[in-house]
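S.K.: Numbering (my numbering), first residue to last: 157 to 636.
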Ligand SMILES: [Zn+2]
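(1) Measure the beta-carbon distance from residue 626 to residue 610 and round it to whole angstroms, keeping in mind my assumption that it falls under 8 angstroms.
(2) Contact check, residue 480 vs residue 572 under 8 angstroms by CB: the rounded distance?
(3) Consider the C-beta atom of residue 209 and the heavy atoms of ligand 1; say whether any pair is separated by less than 8 angstroms.
(4) Run through DSSP, which three-state label would residue 360 get?
(5) Could you spell out where the alpha helix (DSSP H) holding residue 522 opens and where it closes?
(6) Roughly how many angstroms lie between the CA atoms of residue 456 and residue 177, to the nearest whole one?
(7) How many Å lie between residue 540 and residue 633 at the Cα?
(8) Which one of 500, 290, 382, 355 has the shortest CA to CA distance from residue 329?
(9) Between residue 628 and the rest of its own chain, which residues show a CB-CB distance below 6 angstroms, the 5 nearest in sequence each way excluded?
(10) What are the start and end residues of each continuous beta strand (DSSP E) run of 3 or more residues lying completely inside the segment 425 to 467, in chain order?
(11) Where does residue 247 land, buried or exposed, given buried means 16+ other C-beta within 10 angstroms?
(12) Is residue 562 near ligand 1, in the sense that its beta carbon is under 8 angstroms from a heavy atom of that ligand?
(13) Please classify residue 157: is it buried, with 16 or more other beta-carbons within 10 angstroms of its beta-carbon, or exposed?
(14) Checking contacts by CB at 9 angstroms: is residue 242 closer than that to chain D?
(15) Alpha carbon to alpha carbon, how far is residue 296 from residue 304?
(16) Express the C-alpha separation of residue 608 and residue 425 in angstroms, rounding to a whole number.
(17) Less than 8 angstroms between the CB of residue 405 and some heavy atom of ligand 1, yes or no?
(18) Would you kindly work out how many angstroms separate the C-alpha atoms of residue 272 and residue 310, rounded to a whole number?
(19) If I'm right that residue 314 touches residue 264 with Cβ under 8 angstroms, what's the distance once you round it to whole angstroms?
(20) Tell me whether residue 257 sits in a helix, a strand or coil according to DSSP, three-state version.
(21) What three-state label does DSSP hand residue 393 in the structure shown?
(22) Can at least three beta-carbon pairs, one atom from the segment 390 to 401 and one from the segment 354 to 371, be found at a separation below 8 angstroms?
(23) Classify residue 464: buried if its beta carbon has 16 or more other beta carbons within 10 angstroms, exposed otherwise.
(24) Which residue's Cα is closest to the Cα of residue 160: 412, 589, 505, 350?
(25) I'd like the list of long-range same chain contacts for residue 494, defined as Cβ closer than 6 angstroms, with 5 residues on each side in sequence excluded.
(26) Could you say which of 446, 447, 577, 399 lies nearest to residue 469 if we only look at CA atoms?
(27) Between which two residues does the beta strand (DSSP E) carrying residue 185 extend?
(28) Suppose contacts are defined by Cβ-Cβ distances below 9 angstroms. Is residue 499 in contact with residue 372 by that definition?
(29) Any contact of the segment 243 to 261 with the segment 178 to 187, i.e. 3+ C-beta pairs under 8 angstroms?
(30) State the CB to CB distance for the pair residue 555 and residue 517, rounded to an integer number of angstroms; the pair is presumed to be in contact (CB under 8 angstroms).
(31) Using only CA atoms, which one of 408, 397, 619 lies nearest to residue 449?
(32) Cα-Cα, which of 595, 421, 636 is closest to residue 412?
(33) Excluding sequence positions up to five away, which residues of its chain have a Cβ less than 7 angstroms from the Cβ of residue 191?
(34) Measure the alpha-carbon distance for residue 525 versus residue 496 and round it to whole angstroms.
(35) Count the other CB atoms within 10 Å of the CB of residue 316; is the residue buried (16 or more) or exposed (fewer)?
(36) With respect to the beta strand (DSSP E) encompassing residue 408, which residues constitute its N-terminal and C-terminal limits?
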């Protein structure tokens, strides 16, 4: 089955919100959101007690389950840097997602204490993400469809958030596709077909010959040993983009000749998670008609092993002329990104570049799998991305870029740069390396080192797999 056909089994248009009472015959999930203590008096005493203590309680009978949620009026993030508190949106995503996955309802009834844009968005996003049900199977697995009944949801906010949820699912879907299905060729073809319906958007696939002609020697070398060669996919809505997004798209990462041990290779289909976040965000931007002149660059390659693999010790020439010594072929993400960042920074209209990548294991060691590392040459841009990320429930943490890493550690004795080095701070090393490909001083640049994967089921995720990390950060950034 083509990838587009597979995606169509998951993509779901937003259900129309019915204002009538729900049919009693269908399996239903009722969500009651309270923000006023008086309203809790309608609940039976034990439930009220549980709700106040745990902020949520769940009642279930044969055909009807009810999730009660108690939200304090003000649940904003703490002023203390790094203290991420659970926002109303996150609470709804977690609890509603969990209840939804348990019940798999035919009808969802939503009773909000008050008509609220924020709460309606939270419900729309949660239900949309929870509907994802992708699995390879003899019997086609469709996304879970259901009806929505509500008097209190704001339809417009619900619909927009639903679309964002589908964008998150799109990124999850791409990450969930194994390397045997998703390679640079099928990936590029998928993206091209996906954007056909958006008339003001253009997708260009730059193949290996283009990379050669444009002296993108790093990107080309990484995919050289694979059956399907490296390519650069350019998605844009303007010839004069202000903002460029660059995504790492290693469709499978064996590590190359510096082969990964099997336990580290197992999940390497997810090494294109950064580019998947870009596809999700670009789709959301196109679908919602968000006005911003943007270009999205997906640096796609399959880091395979063969006689023509690039080698440790090789010296490769980058798009901006820098000569790069290869210390480790498994540090390939920074190579494909380096060329793509240089290519983006040569576009004269571009003022801001943001790259997203599953770049280092080191960032996971430091920050865990849910907090991404944020590096930037502009404090203003970093602050903005920090805020939109935290608000989107995708927290990130601003990381340092010390001068001595740039001045000494990433320097090679035989070339301008070396792609990896011994010692600690691997995520910082990688970020400092990327910075060398921002060709103009005036450009503001930020880099998000993400994980893109959820290890176990929980909240809106019914199983482990792609998490869609980064999509909402970018969508919120574009929306501002
Ligand atoms: Zn690698």
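Using N, Cα and C, we set each Cβ at its ideal position, and we do this for glycine too. Quick caveat, the model's predicted, so the values are computed rather than measured.
M.R.: This is what the structure holds:
(1) Counting from 1 along the chain shown, the entry for residue 626 is found at position 470. Counting from 1 along the chain shown, the entry for residue 610 is found at position 454. Wrong, their Cβ atoms sit about 13 angstroms apart, outside the cutoff.
(2) On the chain shown, position 324 is the one that residue 480 refers to. On the chain shown, position 416 is the one that residue 572 refers to. That belief holds up - the Cβ atoms of residue 480 and residue 572 are roughly 7 angstroms apart, short of 8 angstroms.
(3) Counting from 1 along the chain shown, the entry for residue 209 is found at position 53. The answer is no for residue 209.
(4) Your numbering for residue 360 matches position 204 in the chain shown. In this structure, residue 360 counts as strand in the three-state DSSP scheme.
(5) Looking up residue 522 in the chain shown gives position 366. Note, residue 522: alpha helix (DSSP H), 517 to 523.
(6) What you label residue 456 is simply residue 300 of the chain shown in a count that begins at 1. What you label residue 177 is simply residue 21 of the chain shown in a count that begins at 1. Cα to Cα, residue 456 sits roughly 49 angstroms from residue 177.
(7) Against the chain shown, residue 540 aligns to sequence position 384. Against the chain shown, residue 633 aligns to sequence position 477. One C-alpha to the other measures close to 8 angstroms.
(8) Here residue 329 refers to the residue found at position 173 of the chain shown. With distances taken between Cα atoms, residue 329 lies closest to 290.
(9) Counted from its first residue, the chain shown places residue 628 at position 472. The residues 548, 550, in chain order, have a CB closer than 6 angstroms to that of residue 628 in the same chain once the five nearest residues on each side in sequence are set aside.
(10) 450 to 459
(11) Position 91 of the chain shown, counting from 1, holds the residue named residue 247. Label assigned to residue 247: buried.
(12) By one-based count along the chain shown, residue 562 stands at place 406. Answer for residue 562: no, Cβ out of range of ligand 1.
(13) Taking the chain shown and counting its residues from 1, one reaches residue 157 at position 1. With fewer than 16 Cβ atoms within 10 Å of its Cβ, residue 157 is classed as exposed.
(14) Structure shown: chain D not included; a single protein chain is present.
(15) Your numbering for residue 296 matches position 140 in the chain shown. Your numbering for residue 304 matches position 148 in the chain shown. Inter-residue distance for residue 296 and residue 304 is about 24 angstroms (C-alpha atoms, whole angstroms).
(16) Taking the chain shown and counting its residues from 1, the one referred to as residue 425 is at position 269. Taking the chain shown and counting its residues from 1, the one referred to as residue 608 is at position 452. Distance between the alpha carbons of residue 425 and residue 608 is about 11 angstroms.
(17) The residue you call residue 405 lines up with position 249 of the chain shown. Not under cutoff, so the answer is no.
(18) For the purposes of this step, residue 272 is taken as the residue at position 116 of the chain shown. For the purposes of this step, residue 310 is taken as the residue at position 154 of the chain shown. Between residue 272 and residue 310, the C-alpha separation is close to 7 angstroms.
(19) Taking the first residue of the chain shown as position 1, residue 314 is located at position 158. Taking the first residue of the chain shown as position 1, residue 264 is located at position 108. 11 angstroms between Cβ atoms; not a contact.
(20) Here residue 257 refers to the residue found at position 101 of the chain shown. In the structure shown, residue 257 sits in a helix (DSSP, three-state: H, G or I).
(21) Stepping through the chain shown from its first residue, residue 393 is reached at position 237. Coil, per DSSP.
(22) Short answer: they touch.
(23) Counting from one through the chain shown, the residue named residue 464 turns up at place 308. Burial call: exposed.
(24) Here residue 160 refers to the residue found at position 4 of the chain shown. For the residues 412, 589, 505, 350, the minimum Cα distance to residue 160 belongs to 350.
(25) As a first step, residue 494 is located in the chain shown; it is residue number 338 there, counting from the start. Closer than 6 angstroms at the Cβ level, and outside the excluded window around residue 494, lie 374, 474, 593.
(26) Mapped onto the chain shown, residue 469 falls at position 313. The residue with the shortest Cα to Cα distance from residue 469 is 577.
(27) The residue labelled residue 185 in the question sits at position 29 within the chain shown. Per DSSP, residue 185 belongs to the beta strand (DSSP E) from 184 to 190.
(28) Here residue 499 corresponds to residue number 343 of the chain shown, with the count starting at 1. Here residue 372 corresponds to residue number 216 of the chain shown, with the count starting at 1. Contact: yes.
(29) The segment 243 to 261 vs the segment 178 to 187: in contact.
(30) Counting from 1 along the chain shown, the entry for residue 555 is found at position 399. Counting from 1 along the chain shown, the entry for residue 517 is found at position 361. So it is not a contact: roughly 15 angstroms between Cβ atoms.
(31) Counting from 1 along the chain shown, the entry for residue 449 is found at position 293. Residue 397 is the option with its Cα nearest to residue 449.
(32) Here residue 412 refers to the residue found at position 256 of the chain shown. For residue 412, the nearest C-alpha among the options comes from 421.
(33) Working through the chain shown from its first residue, we reach residue 191 at position 35. Around residue 191: 227, 229, 269, 270.
(34) Within the chain shown, residue 525 is the residue found at index 369, counting from 1. Within the chain shown, residue 496 is the residue found at index 340, counting from 1. Straight-line Cα distance between these residues: approximately 26 angstroms.
(35) One-based indexing of the chain shown puts residue 316 at position 160. Label assigned to residue 316: buried.
(36) Numbered from 1 along the chain shown, position 252 holds the residue referred to as residue 408. Unbroken beta strand (DSSP E) run through residue 408: 399 to 409.
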